[in-house]
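Counting in our numbering, the sequence shown runs from 1 upward without gaps.
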Amino acid sequence: MEVKKYIQENEQRFLEELFSLIRIPSISAQSSHKDDIWACAERWKELLIEAGVDKAEVMPSTGNPLVYAEKIVSPDVPTILIYSHYDVMPVEPLELWNSAPFEPIIKDGRIWARGADDDKGQAMIQVKAFEYVVRNGLLNNNVKFIFEGEEEIGSPSLNAFLAEHKELLKSDIILVSDTSMLGAELPSLTTGLRGLAYWQVEVTGPNRDLHSGHFGGAVANPINVLCEMIAGMTDGDGRITIPGFYDDVEELSSEERDMIASIPFDEEAYKNAIGVKALRGEKGYATLERNSCRPSFDVCGIWGGYIGEGAKTVLPSKAYAKLSCRLVAHQDHEKISRMFAEYFTSIAPDCVKVEITPMHGGEGYVCPITLPAYKAAEKGFEKAFGKKPLAVRRGGSIPIISDFEKILGVKTVLMGFGLESDAIHSPNENFRLDIFRKGIEAVVEFHKNYK
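Okay, structure coming up:
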């Protein structure tokens with residue numbers, strides 16, 4: 001049966017199955033939903049079996065369970081490992097939702113609910129495409145599924161699970177639908193993600209808060225010093241000043257820069273949308289290069305002294321900041337974390353003490369556009385959306401993608417169907433039904449073309 005007809009005839013069932021998942025509030029960040037986590041994993045197991053896998057099981061980990069399933073065609077054909085997550089973000093603030101977050105509704109051609117896109121809706125695209133190729137005798141490759149329940153809290157148990165089950169998860173390519181496109185009429189494949197390094201710093205001056213009249217001008221103010229140190233982390237060209245920071249940064253080829261330049265981008269609209277008059281960043285690079293392919297340094301939070309109502313003439317004892325670097329492919333986040341700590345400490349004047357606490361981090365990732373699986377995904381988008389997808393790097397981070405490569409030794413193709421308007425992680429999350437249908441068609445075409 002032709003795929004469009006199959007989707008049309010089975011869409012109501014697809015949606016009922018998706019809604020059965022959405023109605024389970026599988027919020028990994030809240031311990032009160034532990035039973036819901038298990039219930040959602042069990043429901044996915046049932047749905048994968050109904051879709052045509054040979055076996056499926058809910059597997060324990062050091063944290064939340066994972067769902068594993070497989071259909072093995074032959075030891076002589078490639079194996080696709082499909083990754084997704086079944087946990088969702090908290091829904092607060094509830095008063096901003098226009099409908100109950102775990103009671104999905106269809107309105108204006110969209111599914112409205114928490115998890116509609118991220119990632120139950122996108123995972124269902126993968127499962128229904130698999131169902132179609134199985135039931136129509138079109139499955140040419142082995143397919144494995146691994147769905148986890150901790151992605152929204154940083155996947156703390158996943159790496160240990162991957163290491164323990166390397167043979168079980170052995171594959172030739174990993175396929176993920178948990179990213180977004182440039183637009184409904186601008187299909188795109190994510191070819192790169194930035195990494196991340198994050199720290200909290202504490203700068204201490206005097207051993208207690210002081211009277212700014214008695215001590216101001218004679219004793220260093222740790223807030224002033226911290227601001228000076230932060231200001232010195234980038235130079236006049238917007239480059240990060242840590243010695244050796246750029247040693248592992250791969251320069252973009254002229255071909256990739258041309259590809260980025262071809263992406264439709266309205267800089268005025270971009271500025272207007274965020275309410276700024278001008279943009280700022282590393283000299284010599286365009287905006288879409290700066291926010292996706294180049295590293296960056298940011299102050300994520302800064303505090304100290306008196307911030308209550310009214311005035312208090314205090315010279316504070318301590319100042320704090322949370323700082324981060326977005327990293328690019330080949331930059332090791334642990335190496336960068338050490339380099340930052342050494343450099344930041346070295347530029348501190350003797351009048352203060354500096355304590356640095358490394359927090360979370362992860363590696364960047366680049367998917368070669370020459371991979372057979374990438375080419376198959378490209379054909380899938382072209383079939384479903386009527387145009388060749390653009391190859392784009394994204395500025396965000398998904399550390400598990402680089403972990404897959406390090407632990408399992410396998411590349412990942414990021415075949416995501418989300419849109420910015422889907423409001424993932426926010427009130428009124430939604431997913432367009434037309435994109436849901438086209439996504440299934442695109443993944444079916446991927447299965448037909450990947451060899």
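By construction, the Cβ of each residue, glycine as well, lies at the ideal position given by its N, Cα and C atoms.
Small disclaimer: the values here were computed from a predicted structure and weren't measured.
Taken in chain order, the unbroken stretches of beta strand (DSSP E) that lie wholly in the region 126-150 and span 3 residues or more are 142-148.
In this chain, the beta strand (DSSP E) harbouring R326 covers K318 to L327. When rounded, the separation of the alpha-carbon atoms in K353 and V203 is 6 Å. If the five residues before and after M233 are omitted, its C-beta is found closer than 7 Å to the C-beta atoms of I240, T241 and F297, all from its own chain and listed in chain order.
Under the three-state reduction of DSSP, T62 is assigned to coil, being neither helix nor strand.
In this structure, K71 sits away from V58, with a CB-CB distance that is not shorter than 7 Å. V176 has Y83 and L414 as its beta-bridge partners, per DSSP.
Judged by beta-carbon spacing, G301 lies beyond the 7 Å limit of P316, meaning their Cβ atoms are not closer than that value. Per DSSP, D36 has no beta-bridge partner at all. Around P78, the same chain offers N141 and D172 as residues with beta carbons nearer than 6 Å, after the five sequence neighbours per side are excluded. Taking the C-beta atoms as reference points, L323 is found nearer than 7 Å to V299. In this structure A56 is buried. Its beta-carbon is surrounded by 16 or more other beta-carbon atoms within 10 angstroms.
In this structure the region 25-35 touches the region 86-93; the number of beta carbon pairs closer than 8 Å is three or more.
Taken in chain order, the complete alpha helix (DSSP H) segments of 4 residues or longer contained in the region 325-374 are 333-346.
For K406, the uninterrupted alpha helix (DSSP H) run begins and ends at P399 to L408, by DSSP. Contact between R43 and L21 is confirmed by a C-beta separation of about 6 Å, below the 8 Å threshold. Looking from the CA of F19, the closest CA among W112, Y83, D209 and I82 belongs to W112. Annotation for E202: the continuous beta strand (DSSP E) segment containing it runs G195 to T204. For E382, the CB contacts under 6 Å within the same chain, skipping 5 residues up- and downstream, are K388 in chain order.
For G301, the enclosing beta strand (DSSP E) has its first and last residue at S296 to G304. Per the C-alpha coordinates, the member of D350, I347, F340 and S262 positioned closest to L390 is S262. Here V225 is not near P206, since their CB atoms are 7 Å or more apart.
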